[in-house]
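Visitor: Starting off with a structure, shown below.
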Amino acid sequence: MQTYTIINKSKGSPDNSQNTLLHLYNQTLGSGARVAQGDGTASGLLLFANHFGVENSYGFHTKVGTFASANRVVNLPDGNGFIVLGDGTGISNVSDFRAALDDQNKILSADFATTSNTPQAVSGFNLALETSSIYKLSAVLRVQGASSSHCIRPRLTGPTSSLSHLTAKLNLDNESFNINAFDQDVNFASFQSTDPEIMTIDGIVATNSVNPTANLGLSIKCETSGQQVKILAGSLLSLKKV
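Per our numbering, residue 18 is the first one in the sequence shown, and the count goes up by one each step.
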């Protein structure tokens, strides 16, 4: 094992010996090399081809390494460990990780039905907005009507005073509508049948500096009063801050 040392440096003194050490005479520290202290004495840090280790009087007790052919795995120190992001946020579960990435998702837990031809807010189906932000909006909605001739009429709802711009497209069967504001009814004409169908929403939502007083949500009504329409459980509403 070859040891590289630097002469005439006092242990613990402020210097850049570690930088000089790694480039001494254009040498490369190879497998088995030992990193030296500034005063020329060896430390307990040993370098190997794919590992480095810390040595105590009984040998190695810590060894860290990686192999190019292996998957990269992050091991937490114990059952209560967590990953810390660059802003200091502690992450210990999947939900917190998604929240830290500004990825919001809402799954409708129960069917929501109405026979009204005035908009009815879908209960518990909304997501928070922040000031001066841009979001990618998406939704995959399971919808159903009691009659194929009397269709669902959805609208996106939210804090109008906080809206910079909204551009979204709603699709059901072969119909598509563009909207550019909250509380605009989308007048789909008919279902294909009385079986569940898929309605999708894709768009961009941007807020201004006015603090939002409401969440982004969804309301529905029926084309004709007395004809039931539904948003079914399992429908997904998503916002991704970009």
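Beta carbons: idealized from backbone N, C-alpha and C, even for Gly. Since the structure is predicted, the reported quantities are computational estimates derived from the model, not experimental observations.
Is it the case that the Cβ atoms of V139 and L249 are separated by a distance below 8 Å?
Guide: For V139 and L249, no; Cβs fall outside 8 Å.
Visitor: According to DSSP, is S164 part of a helix, a strand, or is it coil?
Guide: Correct three-state label for S164: coil.
Visitor: How would you call P229, buried or exposed, if buried means at least 16 neighbouring beta carbons within 10 angstroms?
Guide: With 16 or more other Cβ atoms within 10 Å, it is buried.
Visitor: Would you kindly report the start and end of the unbroken beta strand (DSSP E) that includes V122?
Guide: The sequence shown places Asn at residue 122, not Val. Residues 120-124.
Visitor: Going by Cα to Cα distance, which pick from P176, L144, N134, A223 is closest to H182?
Guide: Nearest option by C-alpha distance: A223.
Visitor: Could you tell me whether the Cβ atoms of T177 and N197 are closer together than 8 Å?
Guide: No, these two residues do not count as a Cβ contact at 8 Å.
Visitor: First and last residue of the beta strand (DSSP E) that includes V259?
Guide: Looking at the DSSP string, V259 is not in any beta strand (DSSP E), and its letter there is neither H nor E.
Visitor: Buried or exposed for V203, going by 16 or more other Cβ atoms inside 10 Å?
Guide: With 16 or more other Cβ atoms within 10 Å, it is buried.
Visitor: Where does S179 sit, in a helix, a strand or coil, going by DSSP?
Guide: Three-state result, S179: helix.
Visitor: If you follow the beta strand (DSSP E) that F142 is in, where does it begin and where does it stop?
Guide: F142 -> beta strand (DSSP E) spans 137-144.
Visitor: In the DSSP assignment, the beta strand (DSSP E) including P171 goes from what residue to what residue?
Guide: From DSSP, the beta strand (DSSP E) with P171 extends over 169-174.
Visitor: Nearest-angstrom Cα distance between C239 and V246?
Guide: Going from the Cα of C239 to the Cα of V246 covers about 6 Å.
Visitor: Taking the continuous beta strand (DSSP E) assigned at L233, which residues delimit it?
Guide: Start and end: 233-239.
Visitor: Which residues bound the beta strand (DSSP E) around G220?
Guide: Per DSSP, G220 belongs to the beta strand (DSSP E) from 214-224.
Visitor: Using 10 angstroms around the beta-carbon of T174, count the other beta-carbons present and answer buried if the total reaches 16, otherwise exposed.
Guide: The residue is buried, with at least 16 neighbouring Cβ atoms inside 10 Å.
Visitor: Could you pull the start and end residues of the beta strand (DSSP E) that F147 belongs to?
Guide: It is Glu, not Phe, that sits at residue 147 in the sequence shown. First-last for E147: undefined, no H or E at that position.
Visitor: So, under 8 Å CB-CB, Y152 and V259 are touching, yes? Tell me the CB distance rounded to an integer number of Å.
Guide: Contact holds; Cβ gap of about 7 Å.
Visitor: Looking at C-alpha atoms only, which residue of F205, D113, C168, S179 is the closest neighbour of K186?
Guide: If we check each option's Cα against that of K186, F205 comes out closest.
Visitor: Taking the beta strand (DSSP E) that V246 falls in, what are its first and last residues?
Guide: Here the beta strand (DSSP E) through V246 covers 246-248.
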